[in-house]
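All you need for the working numbering is the position in the sequence shown, starting with 1, plus 3.
Quick notes on the structure that follows.
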Amino acid sequence: MFTDWQAFRAAFLNQLQSMHGKSLEEASPEDKYTALAVMVREYISNAWVQTNKHYENKGEKQVYYFSIEFLIGRLLGANLLNIGVRSEWEKWLAELGIDLNQLENEEPDAGLGNGGLGRLAACFLDSMASLQLPCHGCGIRYKYGLFEQKILDGYQVEHPDNWLKNGCMWEIRKFDKAVQVKFGGTVWSEEKNGKLVFHHDNAQTVLAVPYDIPVIGYQNSTVNTLRLWSAETVQEDFDLLAFNQGNYVKAVEYKYSIESISEILYPDDSHYEGRVLRLKQQYFLVSAGLQSIVRRFKKKHGSILDFAEKISIHINDTHPAMAIPELMRILMDEEGLSWNEAWQITKNTIAYTNHTILPEALEKWPVDIMKSLLPRIFMIIEELNKQFCSHLWSHYPGDWQRIASMAIIADNYVHMAHLAVVGSYSINGVAKIHTNILKQDVMKNFYHFYPYKFNNKTNGITHRRWLLKANPDLARLITNSISPSWIYYPQYLSTLLRYSEDAAFLEALDKIKETNKMNFANWVHNKYGITIDGSSIFDVHVKRIHAYKRQLMNALRILELYTRLKENPNLEMVPRTFIFAGKAAPGYFLAKRVIKLITTLAAVINNDSTIQGKMKVLFLENYSVSLAEMIFPAADVSEQISTASKEASGTGNMKFMMNGAVTIGTLDGANIEIHEEVGDDNIVIFGLTAKEVMNYYQNGGYRPWELVQSDTRLRKLLDQLVNGSLPVPREEFRVLYDSLVNSDEFFVLKDYAAYVEAQEKIDMLYRDNSRWNKMCLSNIAHSGKFSSDRTISEYAIGIWKAKPVVIGDILEPY
Ligand code: GLC
């Protein structure tokens with residue numbers, strides 16, 4: 004810790020000079036950012052080394068969280084906060100004429116994830132370190148993150164997200180810890196001393212090089228590791244012959260084909276991608292990750308037979324499910340264990356979280372692709388399938404249908420969720436309703452067979468990033484009112500309820516929201532040149548664009564409200580600003596048309612002076628962690644309107660709640676538990692229940708066309724999409740119109756009337772300022788349950804059996 008400003012100043016200037024050869028006056032904001040980041044790294048370097056040493060020497064159980072996505076966002080601000088120096092350094096920097104926020108904005112967002120699943124993994128890392136748990140992340144160091152979204156002429160355009168362009172300040176390349184991963188080739192076996200020995204010939208060998216990123220706990224000296232793997236050519240493997248013969252293109256092609264494995268994150272979170280490269284990425288991740296874990300384990304522990312006692316591997320959805328056959332392969336082919344020994348260890352080591360029931364997201368891989376790309380892995384899966392099916396046969400003799408529905412390999416596909424269930428000791432869903440749907444519906448046969456494996460772990464978010472850092476004024480008010488205990492025990496936020504009738508407190512809350520909204524409005528004005536009314540309701544719908552999330556329902560209501568306002572400019576309503584943000588998968592045509600609809604509405608409404616600014620519509624480009632940190636503190640209304648049963652949990656809903664926004668939502672995902680916490684008076688619930696939705700599905704859906712025929716209001720509204728009244732070619736939104744009237748798979752029309760009514764209720768509630776402030780308070784006070792600290796404690800106790808490890812007070816190298 005620097006004793007005073009002088010010491011800090013000297014260190015900072017020294018850093019600028021040695022890194023960039025510049026004085027303070029000459030240094031650019033980026034130079035200053037990198038200098039400060041290096042100071043943070045030095046600050047924690049000792050604690051990082053000590054944490055690792057401690058874990059190795061004490062031999063406590065280690066947990067590795069395998070995920071194809073880690074949406075970590077920016078790290079400087081969060082790291083300063085967790086170290087506990089943010090406000091002091093901010094002040095000292097200001098004395099040097101430097102705005103810390105500006106430096107933070109210099110950092111590129113590490114967008115190594117699509118949405119909720121990847122951001123959950125990032126929140127989990129923060130909670131693991133803050134709870135002093137020996138848990139680490141394992142992922143891929145994609146050179147390009149999720150695409151950068153631009154809106155051009157109202158359409159989404161995708162640009163590469165070159166987040167590593169200027170390097171990453173937090174990673175450390177550990178070349179000496181690289182491992183080799185093999186693809187393709189042929190596998191043959193021979194018997195040696197009564198044992199089968201497998202040989203893998205003519206494989207393509209890829210070098211997996213780890214880059215470690217420190218994960219700093221909240222003021223506790225724990226520094227865990229997020230290890231991201233990068234694909235490189237094995238030196239001697241480089242096509243030297245081609246190169247020497249002058250065939251440079253061929254040589255480079257080879258290099259590129261290897262490096263492409265960690266080149267780009269698939270910008271798709273819902274559709275099955277039949278691409279070999281994706282399968283390669285999945286195997287690359289699990290093989291590199293497991294090899295390094297086994298190597299480290301063997302260095303310190305005696306017998307590999309104790310592996311499951313000392314290690315838990317968590318697979319975040321099915322993308323890393325090949326950890327199951329890969330661990331079997333390592334234990335048998337490299338460690339010489341028998342099939343049964345390896346199987347005992349594997350199924351007691353791996354735990355699996357399911358994140359969605361959308362059928363198109365349940366991964367399956369064609370047998371022929373897997374067989375040729377991963378011959379040994381496929382052999383193991385085949386054997387697992389054989390043993391599992393014969394096991395099933397002895398339980399359910401003759402029940403072919405059931406067995407076929409549970410087989411790992413069926414219809415020439417490898418079913419990854421089945422593999423994950425069979426090879427794990429724990430399977431959890433991410434909210435109560437989601438887990439129940441898994442048990443009773445999507446995985447009911449598995450639940451019948453393995454009831455003891457299934458459990459629920461409702462998601463959470465880190466309150467440190469999403470409240471303490473994102474909303475400093477609110478955090479200060481809370482701390483001043485109830486002490487800082489809530490930072491360590493977020494459930495303590497409930498003591499805020501004692502201020503429910505305290506006019507001064509409610510007033511203060513109101514002021515903070517107002518300031519956050521003004522700041523946001525200024526940012527919008529600077530970036531887009533659009534003026535929004537800070538006293539209007541900020542009604543926010545931010546998340547991936549997907550039909551089941553029903554941005555279309557929101558857009559239809561906006562269109563209807565606008566039409567009514569045109570007909571009656573004196574319509575009584577609180578002015579509203581509708582804020583959208585989110586990316587659509589590049590190949591998801593319908594979702595992209597929804598963006599175009601929203602931007603079209605924005606263009607019409609924002610430029611119509613006859614409605615006297617009562618409505619504004621924004622579609623903010625390039626939704627990211629950093630943008631989210633600005634939006635949540637400024638939101639009044641949180642749109643959580645997915646078709647009931649479809650959103651496994653949602654985590655945006657929790658971030659809004661924690662920042663005092665009121666949810667308008669369906670009884671879906673974690674909305675149900677938010678409702679349970681805050682009660683009927685502090686949330687606006689509407690629409691079909693999951694049961695009703697599922698009943699419709701079972702009976703072949705409903706007939707939207709009949710509904711439209713019998714409902715003049717709906718008919719008129721839908722006509723506006725296709726009758727030329729919007730300033731786009733007449734057929735532009737035909738696809739949206741058709742999807743609604745022909746099948747309406749996500750019940751937009753069926754829920755529409757209830758949604759409009761719920762929105763009118765919001766309007767009424769907002770008019771009563773004191774009532775609204777109480778609702779905000781109730782949401783904040785009940786949000787403690789949704790801290791990922793609670794979630795991670797439940798994983799640690801209920802699944803991993805991992806205990807906290809206290810490192811000691813060493814977070815001060817200077
Ligand atoms: C997926 C689900 C979402 C959930 C998230 C984290 O993105 O669609 O509902 O919140 O995973 O579990």
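Every residue gets a Cβ at the ideal spot worked out from N, C-alpha and C, and that includes glycine.
As the structure is a prediction and not an experimental result, all values here were calculated from the model.
Own chain, CB closer than 7 Å to residue i, minus 5 neighbours either side, in chain order
i, result
"I316", "Y67, F69, A326, T352 and I353"
"L96", "L103"
"A647", "T669, L670, D671, G690, L691, T692, A693 and V696"
"R405", "Y399 and N448"
"K788", "Q494 and E680"
"S497", "A784, H785 and G787"
"P807", "L134, Q135 and L136"
Span of the beta strand (DSSP E), counted from its first residue to its last, around residue i
i, result
"A354", "I353 to T356"
"Y158", "Y158 to D164"
"L377", "No beta strand (DSSP E) contains L377, which DSSP labels as neither H nor E."
"L74", "F73 to G76"
"C171", "Note, C171: premise wrong, no beta strand (DSSP E); not H, not E."
"G114", "A113 to L115"
"V640", "V640 to Q643"
"D309", "Careful: D309 lies outside any beta strand (DSSP E) and carries neither H nor E."
Exposure of residue i, with buried meaning 16 or more beta-carbon neighbours within 10 Å
i, result
"S791", "buried"
"A588", "buried"
"W368", "buried"
"T438", "buried"
"L739", "buried"
"N388", "buried"
"Y817", "Since pLDDT at Y817 reaches only 39, below the 50 mark, its modelled position is unreliable, and no value is offered."
"G826", "Limits of the chain in this structure are 4 at one end and 817 at the other, which puts residue 826 out of reach."
"I765", "buried"
"L106", "buried"
"E680", "buried"
"V297", "buried"
"D894", "Nothing about residue 894 can be read from this structure; the chain reaches only from 4 to 817."
"W191", "exposed"
"S306", "exposed"
Same chain, Cβ closer than 6 Å to residue i, neighbours up to 5 away in sequence not counted
i, result
"Y824", "Here the chain comprises residues numbered 4 to 817, so residue 824 is not present and cannot be evaluated."
"F11", "F5 and W95"
"D204", "G188 and T189"
"E161", "F150 and P589"
"V370", "N415"
"D476", "I515"
"A381", "Just to set this straight, residue 381 is Phe in the shown sequence, not Ala. Hits under 6 Å: M373 and K374."
Assumed close pair residue i, residue j - CB separation to whole angstroms, cut-off 8 Å
i, j, result
"L103", "E93", "4 Å"
"I411", "L422", "5 Å"
"L2", "L470", "Residue numbering for the chain in the displayed model covers 4 to 817; residue 2 lies beyond these limits and cannot be assessed."
"A558", "L593", "Between L593 and A558 the Cβ distance is about 13 Å, and since that is not below 8 Å, they are no contact."
"V433", "S652", "4 Å"
"G537", "M521", "5 Å"
"F178", "W232", "The Cβ separation is near 12 Å, so there is no contact."
"Y798", "K460", "6 Å"
"R176", "Y214", "5 Å"
"N60", "A132", "Incorrect: roughly 19 Å between the Cβ atoms, too far for contact."
Close Cβ partners of residue i (< 8 Å) along its chain, the five nearest in sequence each way excluded
i, result
"A407", "A413"
"N474", "I515, N519, F635, P636 and N662"
"I101", "K35"
"T602", "I154, G157, Y158 and F622"
"E386", "W342"
"V607", "Y565, L729 and P730"
Where the alpha helix (DSSP H) through residue i begins and ends
i, result
"Y214", "Here Y214 belongs to no alpha helix (DSSP H); instead the beta strand (DSSP E) covers Q207 to I219."
"K824", "Any answer about residue 824 is impossible in this case: the structure gives the chain only from 4 up to 817."
"I515", "A506 to Y531"
"F659", "G655 to M661"
"S48", "P32 to K61"
"T794", "S791 to E797"
"P707", "P707 to S713"
Cβ-heavy atom distance, residue i to the ligand PLP, below 7 Å
i, result
"Y491", "As presented, the structure is devoid of the ligand PLP, carrying the ligand GLC as its sole ligands."
* Whose beta carbon lies closer than 6 Å to any heavy atom of the ligand GLC, going through the chain in order? -> Residues lining the ligand GLC by the Cβ criterion, that is a Cβ closer than 6 Å to any of its heavy atoms, are G118, G119, L120, L123, H358, T359, V433, N462, E650, A651, S652, G653, T654 and G672 in chain order.
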